Amino acid sequence: MVKVGGNGFGHIGCLVTRAAFTSGKADVVAIDDPFIDLNYMVYMFQDDYTHGKFKGTVKAENGKLIINRKASTVFQEGDPANIKWGEAGTEYVVESTGVFTTMENAGAHMTGGPNRSSSPPSANAPMFVMGVNYDMYDNSLKIVSNASCTTNCLAPVEIRAAGAASPAPGRPHG
1 MVKVGGNGFG HIGCLVTRAA FTSGKADVVA IDDPFIDLNY MVYMFQDDYT HGKFKGTVKA
61 ENGKLIINRK ASTVFQEGDP ANIKWGEAGT EYVVESTGVF TTMENAGAHM TGGPNRSSSP
121 PSANAPMFVM GVNYDMYDNS LKIVSNASCT TNCLAPVEIR AAGAASPAPG RPHG
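Letter by letter, the sequence shown follows residues 1 to 174 in full-length UniProt numbering.
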């Protein structure tokens, strides 16, 4: 199971963490957000205004966020280069602040230990969207973008509306 760290614990960061716990395919070992208090993280996570109550347990204990008895280290560092992701065992960072959008900025996470990072919509990171061009993903890439929330919502719909049963292989854009 991949060990994930989340940078930013706003709505997207919470949803990524929820998805990891719900799917059981990723282990969230660390969360960084310099602007959100640990107790507020608990509040935000357990009662999402769109998706409702989390069907599990959430609490703060000894400076960690405990979800379903699984502890995640909490950092409150503003500079990605200073986050000690490696101390928590993080292998992959999901950048969900919307701030570190270039390969250079998102890549700063890797100085703290992980060997891969994602970026929000980026001018220079390779971008992949499920249902559009995910088949072009290359596992050797260290930094990738999953596009924007709007793109992820509308691109597959647009492809269907245009009459394509599925995107053409290698199609770079939706």
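Every residue gets a Cβ at the ideal spot worked out from N, C-alpha and C, and that includes glycine.
These numbers were taken from a predicted model, which means no experiment stands behind them.
Query, Result
"Figure out for me which residue from Val157, Thr151, Cys149 and Gly8 has the closest Cα to the Cα of glycine 76.", "The sequence shown places glutamine at residue 76, rather than the glycine named in the question. Out of Val157, Thr151, Cys149 and Gly8, Gly8 has the C-alpha closest to the C-alpha of glutamine 76."
"Please report the residue range of the beta strand (DSSP E) in which tyrosine 43 lies.", "It is not in any beta strand (DSSP E) - tyrosine 43 instead sits in the alpha helix (DSSP H) that spans 38-46."
"Is it right to say residue 175 is buried, meaning 16 or more other beta carbons lie within 10 angstroms of its own, or is it exposed?", "Residue coverage of the chain in this structure runs from 1 to 174, which leaves residue 175 outside it and unanswerable."
"Just how far apart, CA to CA, sit aspartate 27 and asparagine 133?", "26 Å"
"Starting from alanine 19, trace the alpha helix (DSSP H) in both directions and tell me its first and last residue.", "11-23"
"Considering glycine 61, what are the terminal residues of the beta strand (DSSP E) in which it resides?", "Checking the sequence shown, residue 61 turns out to be glutamate, not glycine. Counting along the chain, the beta strand (DSSP E) containing glutamate 61 begins and ends at 58-61."
"Methionine 130 by DSSP, collapsed to three states: which one?", "coil"
"How many angstroms separate the CA atom of leucine 65 from the CA atom of alanine 161?", "42 Å"
"Hey, could you find the ends of the beta strand (DSSP E) glutamate 95 is sitting in?", "92-95"
"Within the continuous beta strand (DSSP E) that includes alanine 71, where are the two ends?", "70-75"
"Checking 8 Å against the spacing of the C-beta atoms, do phenylalanine 100 and proline 80 come in under that value?", "yes"
"Here's a check: name, in chain order, each residue in its chain whose Cβ is nearer than 6 Å to the Cβ of histidine 173, leaving out the five neighbours to either side.", "With a pLDDT of 46 at histidine 173, under the threshold of 50, the modelled position of that residue is not reliable, and the figure given next carries that caveat. Nothing listed; no residue qualifies."
"Does the Cβ of serine 122 have 16 or more other Cβ atoms within 10 Å, making it buried, or fewer, making it exposed?", "buried"
"Can you look up glycine 174 in the DSSP assignment and give me helix, strand or coil?", "Any reading at glycine 174 needs caution, since the residue's pLDDT is 42, under 50, leaving its predicted position unreliable; the model's value is listed next. Correct three-state label for glycine 174: coil."
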